[in-house]
Every structure is written in C-alpha cells, then in structure tokens.
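Undergrad: Starting off with a structure, shown below.
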Amino acid sequence: MDCVVINTLLRGLCDAGCVCDALRFFGELGWNGLEPSVVSYGTVINGVCKSGDVEHGLVLVRDMEESGKGCRPRVNEYNMVIDGFCKSGRVSEALEVFYEMVGRGVEADVVTFNSLIRGFCCKGLWEEAKTLLSEMQARGVSLDVVTCSILVDFLCKKGEVEEAHRIIDELMLDRGEKPDTHMYTALLHGYCLLGKVDHASKIFDIMIAQGCVPSESEKIDKALNLIREMHERGIVPNLVTYTSLINGLCLVGRLEEAFMLFDEIQNHGISPNINTYSTLINSLWKNKKGKEASILLEKMEGLGMVRDIVLSTSIIDG
-3 MDCVVINTLL
7 RGLCDAGCVC
17 DALRFFGELG
27 WNGLEPSVVS
37 YGTVINGVCK
47 SGDVEHGLVL
57 VRDMEESGKG
67 CRPRVNEYNM
77 VIDGFCKSGR
87 VSEALEVFYE
97 MVGRGVEADV
107 VTFNSLIRGF
117 CCKGLWEEAK
127 TLLSEMQARG
137 VSLDVVTCSI
147 LVDFLCKKGE
157 VEEAHRIIDE
167 LMLDRGEKPD
177 THMYTALLHG
187 YCLLGKVDHA
197 SKIFDIMIAQ
207 GCVPSESEKI
217 DKALNLIREM
227 HERGIVPNLV
237 TYTSLINGLC
247 LVGRLEEAFM
257 LFDEIQNHGI
267 SPNINTYSTL
277 INSLWKNKKG
287 KEASILLEKM
297 EGLGMVRDIV
307 LSTSIIDG
C-alpha cells in the first residue's frame, strides 16, 4: 500500500466524519511497516481538529516534531491546531502553540495571524489583537482581505466605525486592494446604528459604484435587521427609508412583510404618504389582489390623497 492510497483512505474517513476510524487506521500503519507522510499527518490533524478534539491534533503535531522520522510539521499543520483552539475560544492555548511553532523555526503566515486575530476579536480582546497585528507586520507578513474584514467587522460592532473606515482606506484602498461586500455592509450597518445616515448613504453609493451590492433579498433582510437595531437604540428611521424598504419587499414578492412594515410605520406615529400607498396598491394589483388594492385605495383617498397618473394607469392595467 503506497502513500497515495493511505492518504486517500484517511481523507475519505475524515470527510465522512469517521475520525475515530481514521485514527485507528493511522495508528496501525507502523505495525504494518508503513510510514505516514506529512500529508497523512495533516489529513488526520485536520480531521481531529474539525471534530473538536484539538488537543489530539496538538499531540500529533508534537509527535511529528519528536518522532525523528523526517516528517516535521509545516505551518499548515500548526495552523489547523491554532485555528481549532481559536474557534473554541481557547485563545491563550492558541497563542502558546503559535510561540511553540515559531520557536521551532516554523514561520507563521497570514492564515496563522488571521486565526489568532479573529480569535482575540471574538473574545473582545482588542489590545491583544492589535499586538498581534504589530507582530504580524514586524515578521513581514502582509495583511490580506480576510485580515481587514475581521478588523472592520469587530470595530463596527464595537462602535468604532471611523477607525474601521480608516482601515479600509489606508490598509486596502491605498494598496490597490478591493474591499468586499461584507466589509462595506459592516460599515453601512455601523454608521446607521450611530445615526450617521449621510455617511451610510455615501458608503452605499460606493458599494454600487464598485459592484459590491448583495442580492435584493439579502439587502432587504439586512435592512430589516438594521431597522430593528436602530429602534432598539432609540433611532427612528424616516418615512423615505421605510417606503424604500416596503418597495423592496414588494419587488421580491414579500407582500405580507411589506404590510407588517406598513403597520409598524403607523405604530411609530409616522403617517404614510402617497408614495407608500401607491407602492402597496401597485403591488396588490400586480399580484391579482384587486379587492385588497381597492380597499387600500379607498383608504388613501379618504385621507385626501389624490391618485397620480402612474397609479391610475396601474389600476387600469390591473
């Protein structure tokens, strides 16, 4: 049995979630006079770490170091263990493995630092994350889009939106890197929660210009969540914002949610205008709900609003 067959079997067992069987097979290799390769070790380490048994992954990495079989761990194997500890919230242990790794002469890469920085940010440990950023740069490892995304997301949630914006401007745009949709959405979200709607509008314009706009349904879901959070912080969106969102819901066929938002507007003491009513009436006609459209039209006209040519044409066509 050669290495290719061994590695294929190990990967198949791990991918199927049979990590215990993979470990058993891996342990029996020596008894059969077979030597595991770096890839064999890496496959099993990845499997045990993903299953949550990060300690076993670390044991295997150390076994590689100490076995004297010419099968030393690479940065990839260490990264699996570091990432496993970080994802389980055990950042101190992850940092210990990091220093053990560099102490053995294995150079950290951007994946190593991204795992650690994300881990510390998830724990709210910003000062420690900044220290890692400094060490990253001191070791000559360049930040990538993932690093910036982690930082922007954390800072926006922390309310430090201006600092997050600076990271995008200085660490990405100045180097010719293109921020992704997630980063711009985090900024947009952060500015809205601070009540800086003008800043948020500018970010949205930049997103459109750079083609970083999510799908209609994704945009609407994010906007709905944002409005809920704004209310929780005592910031009430204006009628234009509400009407735009109602229009978006209607366009993707989510009429029930559009009417729930319509009711919510009025519960907050905001009076819908002719644009709000027209949006809903048009959508009802297009969805063959003539009776409901007529009732809403009657209510609108009862409030002294006069249908415009667009609405009249929609009713005739409907």
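Under this note's numbering, the very last position in the sequence shown is 314; numbers go up by exactly one each time.
Just so it is clear, CB atoms sit at the ideal spot from N, CA and C, and this is done for glycine as well.
Because the structure is a prediction, the values reported are computed rather than measured.
(1) Mind checking L299: buried by the 16 CB within 10 Å criterion, or exposed?
(2) In angstroms with no decimal places, state the Cα-to-Cα distance between P233 and L251.
(3) Start and end of the alpha helix (DSSP H) containing I277?
(4) In the structure shown, what three-state DSSP assignment does N234 receive?
(5) Residues in the same chain with beta-carbon distance under 7 Å from A18, minus the five sequence neighbours each way, listed in chain order, please.
(6) Does Y273 pass the burial test, meaning 16 or more other C-beta atoms within 10 Å, or should it be called exposed?
(7) Report back the beta-carbon spacing between I163 and V148 to the nearest angstrom; my notes put them in contact at under 8 Å.
(8) Give the single residue among E166, K153, V236, E73 whose Cα lies nearest to the Cα of L183.
(9) For a test of the three-state rule: what should DSSP assign to S325, helix, strand or coil?
(10) Going by the beta-carbon positions, is the gap between G115 and C82 smaller than 7 Å?
(11) Please list the segments of the alpha helix (DSSP H) lying wholly inside the region 43 to 122, counting only runs of 4 or more residues, in order along the chain.
(12) What would DSSP say about H178, mapped onto helix, strand or coil?
(13) Please classify H264: is it buried, with 16 or more other beta-carbons within 10 angstroms of its beta-carbon, or exposed?
(14) Span of the alpha helix (DSSP H) holding D333?
(15) By the three-class DSSP mapping on this structure, what secondary structure does S33 have?
TA: For this structure:
(1) On the sequence shown, position 303 is the one that residue 299 refers to. Exposed, because fewer than 16 other Cβ atoms sit within 10 Å of the Cβ of L299.
(2) Walking along the sequence shown from the start, residue 233 turns up at place 237. Walking along the sequence shown from the start, residue 251 turns up at place 255. So the two alpha carbons sit approximately 20 Å from each other.
(3) Taking the sequence shown and counting its residues from 1, the one referred to as residue 277 is at position 281. Counting along the chain, the alpha helix (DSSP H) containing I277 begins and ends at 270 to 282.
(4) Start at 1 with the first residue of the sequence shown, and residue 234 comes out as number 238. N234 falls in the coil class under three-state DSSP.
(5) By 1-based counting over the sequence shown, the position of residue 18 is 22. Same-chain partners within the cutoff: L6, L9, C10, V40, G43.
(6) Your numbering for residue 273 matches position 277 in the sequence shown. Y273 comes out buried.
(7) Here residue 163 is taken as the residue at index 167 of the sequence shown, counted from 1. Here residue 148 is taken as the residue at index 152 of the sequence shown, counted from 1. Yes, I163 and V148 are in contact; Cβ-Cβ is about 6 Å, under 8 Å.
(8) Walking along the sequence shown from the start, residue 183 turns up at place 187. Nearest C-alpha to L183: K153.
(9) Only positions -3 to 314 of the chain appear in this structure, which leaves residue 325 out of reach.
(10) Within the sequence shown, the letter at position 119 stands for residue 115. Within the sequence shown, the letter at position 86 stands for residue 82. Yes, the Cβ-Cβ distance between G115 and C82 is below 7 Å.
(11) 50 to 62, 71 to 83, 87 to 99, 106 to 118
(12) On the sequence shown, residue 178 is found 182 positions in, with the first residue counted as 1. Three-state DSSP puts H178 in a helix.
(13) Start at 1 with the first residue of the sequence shown, and residue 264 comes out as number 268. That one is exposed.
(14) Nothing about residue 333 can be reported from this structure: the residues present for the chain run from -3 to 314 only.
(15) Within the sequence shown, numbered from 1, the residue matching residue 33 stands at position 37. Correct three-state label for S33: coil.
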